[in-house]
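Taking it in order: structure first as structure tokens, then the write-up.
There are 2 protein chains.
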Amino acid sequence: MGQRIFNFSAGPATLPLAVLETIQGELLNYRDEGMSLIEMSHRSKTFDNLVNGAEQLIRDIMGFSDDYQTLFLQGGATGQFSALALNLAVDGKLAEYVDTGPWSAKAIAEAKKLGKPYRVIASSADSNHNHIPAEYAIGDDAAYVHITSNNTIVGTQFEDFPDTGNVPLIADMSSDFYCKRFDPNKFAMIYGGAQKNAGPSGLAICVIRKDLIERSPANIPTILSYKIFAGKNSLYNTPNTFGIYVVNLVMEWIRDQGGIDAVEKANRHKAGFLYTVLDSSDFFRPHAQDGSRSLMNVTWRLPNEELEKQFVAEALAEGLSGLKGHRSVGGIRASIYNAMPLAGVEALISFMKEFERKNG
Amino acid sequence: MGQRIFNFSAGPATLPLAVLETIQGELLNYRDEGMSLIEMSHRSKTFDNLVNGAEQLIRDIMGFSDDYQTLFLQGGATGQFSALALNLAVDGKLAEYVDTGPWSAKAIAEAKKLGKPYRVIASSADSNHNHIPAEYAIGDDAAYVHITSNNTIVGTQFEDFPDTGNVPLIADMSSDFYCKRFDPNKFAMIYGGAQKNAGPSGLAICVIRKDLIERSPANIPTILSYKIFAGKNSLYNTPNTFGIYVVNLVMEWIRDQGGIDAVEKANRHKAGFLYTVLDSSDFFRPHAQDGSRSLMNVTWRLPNEELEKQFVAEALAEGLSGLKGHRSVGGIRASIYNAMPLAGVEALISFMKEFERKNG
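Top to bottom, those sequences are chains H and S. So in our numbering, the last one in the first sequence is 393, and the numbering has no gaps at all. So in our numbering, the last one in the second sequence is 393, and the numbering has no gaps at all.
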């Protein structure tokens, strides 16, 4: 198959090799069905079992109760920015948002565009989003509070989630989906595009508390209605069948690793290793503040942009790809999702040390 | 790989074996990039080339000019029912729809739900949609005329398209996407879910005349805005990268078959073969009227429902799957998309003749 490299892309992103091998092995004939999974009717018993199994497995891995339902939708998190505002806003109440980076800002802009009354209750914009705000002025009667649990571009992550009392807490977990244990009962809905930590692109996963589903107004676009899709078990229309199939394989892979605690342990080890190197160097300067650092997207600067360009180019030549930081932060970003093996982080660190030795 | 069967499912549906083999061959390492296509950033040069190539190839195969742009969107045709009404309706004008079956009805229901003034200008509902209406009362000043070029459930297809003059003609071609040559300049937009004749599910392909794009209002959901996605070459957010990749392979396969005329010739041969058998039998009764018959979805009844059940079950045992008709028409439906080999139709016909001999 040729040489696979270490892919630090922010998303679509590296997937477990075992998952890719399974896809490859059954690509022409899915489990003796005589056809590829991507050729199979979404109304078949086989696919129905697959989607039901995935729905349950996603809840089970984190411990969501039967009060919740997993929805498989299309359009990624961008689609959900629209959908959640259309479905979950409530007349006479404010939709409240925490602004922790460019993706939060997009969610906020969508609520504004769609004419939903909203309020930003905390922001880290004045420090280029290098931390998660510590204080939130949550209203007693908000429609919901929306957070971005991990900020792909800036490399920050919530360590603890806000206590919103009776106000439904909604989290965009696109870039830290199932990277560590959290208390699922704190949330009214978590969602994410699959393409960073859960599967291929073209799929949004929402785990929603069932009472929230009743909020969906009747006159919103069908494709964005939680109520319609929940009522049809995500099969109102043809879903992204390949996406659901791969997400299910990735969830089985998490289970087979020992579950979410084992995955979290591996993630803390990988990220800790990398942050230790950053903190012990004057050459590399981490962007995110301690206490807000992402386990998934690690961002740092070098002394100047020329060196950053050189770093990215030389890393690529060593088989370490996707390390260029987002233009809004600059520098370097290493996305080390669940599927990034420790060997990838070790190879990156070896390269960093050698690069510093030569250029520091 | 085990035995592949003939899959007559209406969608997701059979794909060219050569396409599946390509996907399988490069699943772990896409063209020496060191990663799977599904792990690759949509912002990479490689993916950018892929999406640009697919955009152009889809236009080239049918002869669309540079006045048109191909958009890759999510949500299938159901998403487009919402999107086209939101983007292309015009204040003070009626949106006009031709009702040729359940999918037309869904498009119409969506315009109504979203509060767009609309009118049904022709319908075949009173004959259970067994034909395409011959007459349309097209307004001089409609916002658009919407047709469903092929009706998956009932098995009808437009042989000629209505002349709508200056009124933009929009066609949902989900189930006959690129099955035969048509004059692309007649259309303001064609669109379809990919999962029947063009690729896997989770992707909508729209080929839109660029002047139509300017109609998009600013305050509609971002995920449904033609203007926003056209302005970013379908990469406003992460698209269904796997879907675009496979659609591009299928379009290359059409090109390699000899282009759309060669594919049309094969389709007419396959469908003609099957309709001839239906017409020469009293045992099998075709649903669609002559002059409106689909090249893609062939529907028929047997003398009673018991025999229909028996037919579906015995066919499956012979490796002919997905033949059960939709509940709204009943009976049998054979979906014989571009990728269905002649051998599949021949096997079906052999089975039909034997079944009639035993049970007729």
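Backbone N, C-alpha and C fix where the C-beta goes; we use that ideal spot for every residue, glycine too.
Should the stretch 223-231 of chain H be called in touch with the stretch 204-211 of chain H, which here means at least 3 C-beta pairs below 8 Å? Three or more pairs of CB atoms, one per stretch, sit closer than 8 Å, so the stretch 223-231 of chain H contacts the stretch 204-211 of chain H.
In this structure, does DSSP put H/Phe114 in helix, strand or coil? Position 81 of the first sequence holds residue 114 of chain H. Of the three classes helix, strand and coil, the one that applies to H/Phe114 here is helix, per DSSP.
Below-7 Å beta-carbon distance, H/Lys281 vs any chain S residue: Position 248 of the first sequence, counted from the start, is the residue given in the question as residue 281 of chain H. Contrary to the premise, residue 281 of chain H reads as Asn rather than Lys in this sequence. It does not; no Cβ of chain S falls within 7 Å.
Extract the residue ranges of the beta strand (DSSP E) inside the stretch 156-188 of chain H, only unbroken runs of 3 or more that lie entirely within it. Qualifying beta strand (DSSP E) stretches, in chain order: 177-181.
When the Cα atoms are used, what is the spatial distance from S/Ala155 to S/Asp132? The sequence position of residue 155 of chain S within the second sequence is 122, counting from 1. The sequence position of residue 132 of chain S within the second sequence is 99, counting from 1. Distance between the alpha carbons of S/Ala155 and S/Asp132: 6 Å.
Three-way DSSP call (helix, strand, coil) for S/Val296 in this model: The residue labelled residue 296 of chain S in the question sits at position 263 within the second sequence. S/Val296 sits in a helix when the DSSP states are folded into three classes.
For S/Arg248 and H/Leu61, what's the separation of their Cα atoms in angstroms? One-based indexing of the second sequence puts residue 248 of chain S at position 215. One-based indexing of the first sequence puts residue 61 of chain H at position 28. Their backbone Cα atoms lie some 43 Å apart in a straight line.
Say whether the stretch 59-75 of chain H touches the stretch 41-57 of chain S, bearing in mind that this needs 3 or more beta-carbon pairs closer than 8 Å, one atom from each stretch. Using a Cβ-Cβ distance cut-off of 8 Å, the stretch 59-75 of chain H and the stretch 41-57 of chain S are in contact, since at least three pairs of beta carbons, one from each stretch, lie closer than that value.
Is H/Phe275 close to chain S, meaning its C-beta is less than 7 Å from at least one C-beta of that chain? Taking the first residue of the first sequence as position 1, residue 275 of chain H is located at position 242. Chain S, which has a Cβ nearer than 7 Å to the Cβ of H/Phe275, makes this yes.
So, with DSSP's three-state summary, where would you put S/Pro150? Counted from its first residue, the second sequence places residue 150 of chain S at position 117. DSSP places S/Pro150 in the coil class of the three-state scheme, outside both helix and strand.
Compare the C-beta of S/Pro233 with all C-beta atoms of chain H and state if any pair is closer than 7 Å. As a position in the second sequence, residue 233 of chain S is number 200, starting the count at 1. True, the Cβ-Cβ gap to chain H drops below 7 Å.
May I ask you to report which of helix, strand or coil DSSP gives S/Arg318? As a position in the second sequence, residue 318 of chain S is number 285, starting the count at 1. Secondary structure at S/Arg318: strand, using DSSP grouped into helix, strand and coil.
Buried or exposed for H/Ser383, please, with buried defined as at least 16 other CB atoms from any protein chain shown within 10 angstroms of its CB. Your numbering for residue 383 of chain H matches position 350 in the first sequence. It is exposed - the Cβ of H/Ser383 has fewer than 16 other Cβ atoms within 10 Å.
Relative to the C-alpha of S/Ile365, which residue among S/Ala295, S/Val187 and S/Pro195 is closest? Against the second sequence, residue 365 of chain S aligns to sequence position 332. Out of S/Ala295, S/Val187 and S/Pro195, S/Val187 has the C-alpha closest to the C-alpha of S/Ile365.
Determine the extent of the beta strand (DSSP E) in which S/Val345 is found, giving its start and end residues. As a position in the second sequence, residue 345 of chain S is number 312, starting the count at 1. Careful: S/Val345 lies outside any beta strand (DSSP E), inside the alpha helix (DSSP H) at Glu338 to Ala350.
Could you spell out where the alpha helix (DSSP H) holding S/Gln290 opens and where it closes? Taking the first residue of the second sequence as position 1, residue 290 of chain S is located at position 257. Taken as a continuous stretch (DSSP letters only), the alpha helix (DSSP H) holding S/Gln290 covers Thr274 to Gln290.
Three-pair Cβ contact test at 8 Å for the stretch 284-291 of chain S versus the stretch 242-257 of chain S: Short answer: they don't touch.
Taking the alpha-carbon positions, what's the S/Tyr308 to S/Val331 distance? On the second sequence, residue 308 of chain S is found 275 positions in, with the first residue counted as 1. On the second sequence, residue 331 of chain S is found 298 positions in, with the first residue counted as 1. So the alpha carbons of these two residues sit roughly 8 Å apart.
DSSP three-state label for H/Lys265, please. In the first sequence, the residue the question calls residue 265 of chain H occupies position 232. The three-state reading of DSSP puts H/Lys265 in coil, since its state is none of H, G, I, E or B.
So which of S/Glu339, S/Asp205 and S/Ala346 has the shortest CA-CA distance to S/Trp136? Here residue 136 of chain S is taken as the residue at index 103 of the second sequence, counted from 1. Nearest of S/Glu339, S/Asp205 and S/Ala346 to S/Trp136, Cα basis: S/Asp205.
Is the stretch 141-153 of chain H touching the stretch 190-197 of chain H in the sense that three or more CB pairs, one from each, lie closer than 8 Å? The stretch 190-197 of chain H is not in contact with the stretch 141-153 of chain H.
Please name the residues in the stretch 56-74 of chain S whose beta-carbon is closer than 7 Å to at least one beta-carbon of chain H, in chain order. Answer in chain order: Ile56, Gln57, Leu60, Leu61, Asn62, Asp65, Gly67, Met68, Ser69, Ile71, Glu72, Met73 and Ser74.
Using a beta-carbon distance cut-off of less than 9 Å, what residues from the stretch 126-152 of chain H approach chain S? If the cut-off is 9 Å between Cβ atoms, the stretch 126-152 of chain H has Lys139, Ala142, Glu143, Lys146, Leu147 and Gly148 near chain S.
With distances taken between CB atoms, is the gap from H/Gly232 to H/Gly276 smaller than 7 Å? Locating residue 232 of chain H in the first sequence gives position 199, counting from the first residue. Locating residue 276 of chain H in the first sequence gives position 243, counting from the first residue. A contact, by the Cβ cut-off of 7 Å.
For S/Arg37, decide whether its Cβ has a neighbour in chain H, counting only Cβ atoms nearer than 7 Å. Numbered from its first residue, the second sequence carries residue 37 of chain S at position 4. It does: the Cβ of S/Arg37 has a partner Cβ on chain H nearer than 7 Å.
What residues from chain H crowd round S/Leu257, counting only those whose CB sits closer than 7 Å? For the purposes of this step, residue 257 of chain S is taken as residue 224 along the second sequence, with counting starting at 1. Near S/Leu257 (Cβ distances below 7 Å), the residues of chain H are Pro254.
Neighbour-count burial assignment, S/Arg5, 16 or more Cβ in a 10 Å radius: Given that chain S is displayed from residue 34 to residue 393, the structure contains no residue 5 of chain S and the question cannot be resolved.
Sub-7 Å separation of S/Asn273 and S/Gly235 beta-carbons: Taking the second sequence and counting its residues from 1, one reaches residue 273 of chain S at position 240. Taking the second sequence and counting its residues from 1, one reaches residue 235 of chain S at position 202. For the 7 Å CB-CB criterion, S/Asn273 and S/Gly235 form a contact.
S/Ser383 - containing alpha helix (DSSP H), residue span: Taking the first residue of the second sequence as 1, we reach residue 383 of chain S at position 350. For S/Ser383, the enclosing alpha helix (DSSP H) starts and ends at Leu375 to Asn392.
Can you tell me which of the three DSSP states H/Ile369 falls into? Reading the first sequence from its first residue, position 336 is the one you call residue 369 of chain H. It is coil, neither helix nor strand.
Using DSSP with H/G/I as helix, E/B as strand and the rest coil, what is H/Ser137? Within the first sequence, residue 137 of chain H is the residue found at index 104, counting from 1. Reduced to three states, the DSSP call for H/Ser137 is helix.
If we cut at 7 Å on Cβ distances, does S/Pro319 have a partner in chain H? Sequence index remark: in the second sequence, residue 319 of chain S carries index 286 (1-based). No, S/Pro319 does not count as interfacial toward chain H.
Cβ atoms of H/Leu375 and H/Lys303: under 7 Å apart, would you say? Taking the first residue of the first sequence as position 1, residue 303 of chain H is located at position 270. Taking the first residue of the first sequence as position 1, residue 375 of chain H is located at position 342. Their beta carbons are under 7 Å apart, which means H/Lys303 touches H/Leu375 by this criterion.
By DSSP, does H/Asp65 sit in helix, in strand, or in coil? Locating residue 65 of chain H in the first sequence gives position 32, where the first residue counts as 1. DSSP places H/Asp65 in the helix class (H, G or I) of the three-state scheme.
For S/Arg92, the first and last residue of its enclosing beta strand (DSSP E): As a working note, residue 92 of chain S is residue 59 in the second sequence. Per DSSP, S/Arg92 lies in no beta strand (DSSP E); the unbroken alpha helix (DSSP H) holding it starts and ends at Lys78 to Met95.
With C-beta atoms as the reference, is S/Leu311 less than 7 Å away from S/Asn392? In the second sequence, the residue the question calls residue 311 of chain S occupies position 278. In the second sequence, the residue the question calls residue 392 of chain S occupies position 359. Against a cut-off of 7 Å, the Cβ pair of S/Asn392 and S/Leu311 comes out as no contact.
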